[in-house]
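Residue numbers (my numbering), protein chains in the order written: chain A, 4 to 415; chain B, 231 to 379.
In structure tokens form, the structure reads like this:
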């Protein structure tokens, strides 16, 4: 397919932007295929962190001095860049968090505790990462609400008919991953949002995986909440974003209390700041936010559509290449998939595969991928997972396949 | 490849393919679950203990080659030992798999084939799972599932 796409996308130039991709591991060139866990960082992001600390470091929203103003401008510019990247109407709809997990917990605690009551239902799916299960489990346990699960088929596709049956006037919120970290399934979030809204439920989309694989437009989706994590978006660790519709965020009580989130404080009465500050208690990860702003501008310069096209081509190549490996079975074969290849090999446990391919310089993830219910549903203890990003190449998939042949040889 | 061969020695691959004592003991004097949440390895260890002596040991479960071979070798090794001896063996095995690469190895007989694990820090938990499960099984308050995390 897409020779034109393959040639118009300059992978070599992109790779040159990522210092770590030139590294060696165990004497072999690094082949980094663990992008679903975290992506590597381009030099512009690394430079932004250093630049911030060397020329702009000060606390934000606090001082009258020059550096504080400069740090605040950079921090808020980053928020505006990320808002544009996600298609939000306004920058104030973006709350900086530590990661996607914190964004989900924020909604579960701030929105959930104020709005979910005994007998209500929260809907999640069988594909969710633990971070989009446990906060809802905790909320439901506290409130006497029920956690209901949209089932999936053996290929990793969601059972949308079952979803429709599960929706009811008791459904308060649907929390759904746009892209499964364990299997690569792209879920029909637009349809889920439309159906949920028709049933009177809100929708939180876990975009931790989706955001680095495909264009996101939260307004077009009409989702109520959308969470991303910076470190999978080629940005720093320790920074993430919660998008929420302004009216919802304004109506929600604060979650964490502290500096910056208040309008006024007396011992008798505290009042809250406006959004987004209401949800950003304490000094944030200023450098991280600035780094993430740079990362999404970098991605915008390349174009998420082009990244998606390149990764589709890699997925097709990788799927065919892995299918040729003796005894290998791909886990997760939904028709709509992103470039995540989970697999098992007859007679070789995923953990052993991971160790053996690592010695060939190939970094993959092995285990349950923080998605124990997915593994239980499929009746497997674990998988090996190669997750491909924009800087990966066919040659790297070939290196993985060669390393898998080595594993086959070791295990006889 | 050379250090890989140290880790995946033929003996280990054999125990992985055909683990010893891979069965249920029913009734057992002690039954203990072990779980490694990072990789999903699970095992159930069964012990028969008579007058302070482990007369039979067996296991069931799923896991990587290292964890299976370790459970297989361990159940062989503890049979006929007193509970106190088994605890002492845990300490020496643990010392072996967490010792610095290149340092002298304790004499642990057949268990020494697992010494290669110490060069693979990410795999120490695999080798240790069965042993931590054993330790819990012979402790005063066994019964609660043991986790390597």
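Glycine included, every Cβ here is placed at the ideal spot set by N, Cα and C.
| Item | Value |
| --- | --- |
| C-beta atoms of residue 252 (chain B) and residue 289 (chain B) nearer than 9 Å | yes |
| Anticipated Cβ contact below 8 Å, residue 155 (chain A) with residue 218 (chain A), distance rounded | The Cβ separation is near 25 Å, so there is no contact. |
| Rounded Cβ spacing between residue 179 (chain A) and residue 167 (chain A) (contact assumed at less than 8 Å) | Residue 179 (chain A) to residue 167 (chain A), Cβ: 14 Å. No contact. |
| Proximal residues to residue 159 (chain A) (C-beta, below 6 Å), its chain only, five neighbours per side dropped | 186, 188, 335, 337 |
| Chain B contact for residue 353 (chain A) (CB, 9 Å cutoff) | yes |
| Chain-order list of residues whose beta-carbon lies under 8 Å from that of residue 280 (chain A) (same chain, five-residue window excluded) | 64, 263, 264 |
| Given residue 318 (chain A) as reference, the closest of A:128, A:277, A:399, A:349 once Cα atoms are compared | A:399 |
| Residue 418 (chain A) classed as buried or exposed, judged by whether at least 16 other C-beta atoms fall within 10 angstroms | The structure shown does not extend to residue 418 (chain A), since chain A is modelled only from 4 to 415, so the question has no answer here. |
| Cutoff 9 Å: residue 30 (chain A) Cβ touching any chain B Cβ | no |
| Residue 112 (chain A) versus residue 242 (chain B): straight-line alpha-carbon distance, rounded | 49 Å |
| Residue 258 (chain A) in three-state terms, based on DSSP | coil |
| DSSP three-state assignment for residue 215 (chain A), whether helix, strand or coil | helix |
| Residue 264 (chain A) - DSSP class collapsed to helix/strand/coil | coil |
| At least three beta-carbon pairs within less than 8 Å, the region 64-77 of chain A to the region 200-216 of chain A | no |
| Nonlocal neighbours in the same chain, by C-beta distance under 8 Å from residue 256 (chain B), ignoring five residues either side | 276 |
| Where residue 413 (chain A) meets chain B, residues with beta-carbon distance less than 7 Å | 234, 238 |
| Residue interval of the beta strand (DSSP E) (run including residue 261 (chain B)) | 260-266 |
| Contact with chain A by residue 245 (chain B), beta-carbon distance below 9 Å | no |
| Straight-line Cα distance separating residue 226 (chain A) from residue 117 (chain A) | 19 Å |
| Under 7 Å from the C-beta of residue 350 (chain B): neighbouring residues of chain C | Judged by its chain identifiers, the structure shown contains no chain C, and its protein chains are A and B. |
| Three CB pairs or more closer than 8 Å across the region 385-405 of chain A and the region 359-370 of chain A | yes |
| C-alpha distance - residue 55 (chain A) paired with residue 62 (chain A), whole-angstrom precision | 12 Å |
| Under the three-state DSSP convention, the category residue 371 (chain A) falls into | coil |
| Residue-level contact to chain A via CB, residue 300 (chain B), 9 Å cutoff | no |
| Residue 70 (chain A), buried or exposed, once every other Cβ within 10 Å from all chains shown has been counted against 16 | exposed |
| From A:103, A:33, A:28, residue whose alpha carbon lies closest to that of residue 230 (chain A) | A:103 |
| Proximity test, residue 395 (chain A) beta-carbon vs the ligand PLP heavy atom, cut-off 8 Å | The ligand PLP is not part of the structure shown, which contains no ligands of any sort. |
| Residue 97 (chain A) vs residue 245 (chain A) beta-carbon contact at 9 Å | yes |
| Beta-carbon proximity of residue 81 (chain A) to residue 296 (chain A), cut-off 9 Å | yes |
| Contiguous beta strand (DSSP E) assignments of at least 3 residues, all confined to the region 309-377 of chain A | 331-334, 343-348, 368-370 |
| Proximal residues of chain A, C-beta to C-beta of residue 292 (chain B) below 7 Å | 384 |
| Sufficient close CB pairs (3 or more, under 8 Å) joining the region 311-331 of chain B to the region 372-390 of chain A | no |
| When B:298, B:324, B:281, B:327 are compared against residue 272 (chain B), the one with the closest alpha-carbon | B:298 |
| Integer Cβ distance of residue 146 (chain A) from residue 121 (chain A), believed to fall under 8 Å | 6 Å |
| Whole runs of the alpha helix (DSSP H) within the region 177-242 of chain A, excluding any shorter than 4 residues | 192-201, 213-216, 221-224 |
| Three-state class that DSSP yields for residue 43 (chain A) in the structure shown | coil |
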